[in-house]
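Residue 70 in the working numbering sits at position 58 of the sequence shown, with consecutive numbering throughout. Even for Gly, the Cβ is constructed at its ideal location relative to N, Cα and C. Step one of this worksheet: look at the structure below.
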Amino acid sequence: MRLVWLMAIPLLVACSPLPPVPSLPGTARQDAGRIVELRSGRVLSAGELVGALTEAPRVLVGERHDNPDHHALQAWLLAAADRRGAAPSLLLEMLVPSQQARASDVQQAIAAGTPPPDLETALAWEQGWPWPLYGELVTQAMRREQPVLAANLDPDEIKRIYRARPALPQGAATESAVRDALLAQIRESHCGLLPESQLPAMLAVQQQRDRRMAERLLAAPTPAWLFAGAFHVRKDLGVPLHLADLGAQGPVRVLMLAEAGESVTATQADYVWYTPPRPAEDHCAALRGSHGTRGDR
């Protein structure tokens with residue numbers, strides 16, 4: 013009798029109701045709020061999306077970094093996966109290896125009932141990722157039992173890559189069409205302000221970031237989810253190509269969070285969840301004013 017009870021527990025977890033989907037202002041406009049399976053064009057419910065994602069050992073979720081709606085949906089997706097009994101380990105583009113010990117210590121302290129008074133400080137959170145945008149999501153992730161893992165490169169690694177430009181082994185990620193598309197994105201995201209001589213180094217950094225994310229996904233306990241910028245998770249340009257080159261087994265699912273009106277195709281992602289459009293910011297003006305060079309998306 014006890015065995016029957018224990019076997020029923022996963023079924024009860026799987027049938028737990030999902031948390032309410034966040035209410036996003038402006039969802040009545042255009043396609044905002046719609047979830048589309050891109051291969052078929054079928055509109056999905058949030059529950060159907062979660063069911064599809066939790067069937068895969070690895071899931072990549074692409075965000076626009078400065079869109080708070082995307083972080084609210086990421087938090088919801090994590091909670092929904094937990095309710096379905098498929099709680100994933102979480103990899104973040106926003107964390108680097110030198111922060112991993114801090115992240116693990118924070119999770120252990122929270123589990124022991126002694127959370128740090130200032131999570132941002134405890135994690136040595138990088139200010140380039142504004143805490144007001146990421147704080148709620150990261151706090152939720154740290155309170156879960158599943159590990160939160162660094163997926164990016166340390167700054168010192170980036171400097172070495174920029175100087176030496178290591179070559180990747182031949183594979184899907186090194187095809188000329190992939191490299192050309194990434195170079196075009198780097199030019200655009202830096203508003204044409206980068207000298208052409210810097211582009212090969214910037215491309216090397218971008219692709220080595222993608223390779224690191226793929227390696228960390230393969231090493232993570234499954235199911236494993238990655239939250240990263242949209243270009244990093246694209247099936248035709250980013251981490252999925254590196255996973256294939258590294259011999260990853262099992263399906264990989266890509267969900268793109270995109271603003272209504274943006275074009276997302278089946279070659280780029282498996283699913284898209286449209287959010288309300290945000291006011292456009294002239295980041296090129298800011299770059300011209302500061303002569304900055306950060307355009308990672």
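Contact annotation, residue 291 with residue 271: C-beta distance approximately 11 Å; criterion of less than 8 Å not satisfied. In terms of CA proximity to residue 234, 102 leads the group 55, 102, 44, 258.
A direct Cα-Cα distance of roughly 34 Å separates residue 61 from residue 124. A residue is called buried when at least 16 other Cβ atoms come within 10 angstroms of its Cβ; residue 263 does not meet this threshold and is exposed.
Residue 43 counts as buried, since no fewer than 16 other beta carbons sit within 10 angstroms of its beta carbon. In chain order, 222, 243, 244 place their CB closer than 7 Å to the CB of residue 250, counting only its own chain and leaving out the 5 sequence neighbours on each side. Beta-carbon to beta-carbon, residue 279 and residue 248 are separated by about 5 Å, close enough to satisfy the 8 Å threshold. Shown here, residue 237 sits in a strand according to DSSP, grouped into three states.
Checking the DSSP bridge columns, you'll see residue 283 partnered with 49, 267.
Here residue 55 is exposed, its C-beta having fewer than 16 other C-beta atoms within 10 Å. Beta-bridge partners of residue 101 (DSSP): 236.
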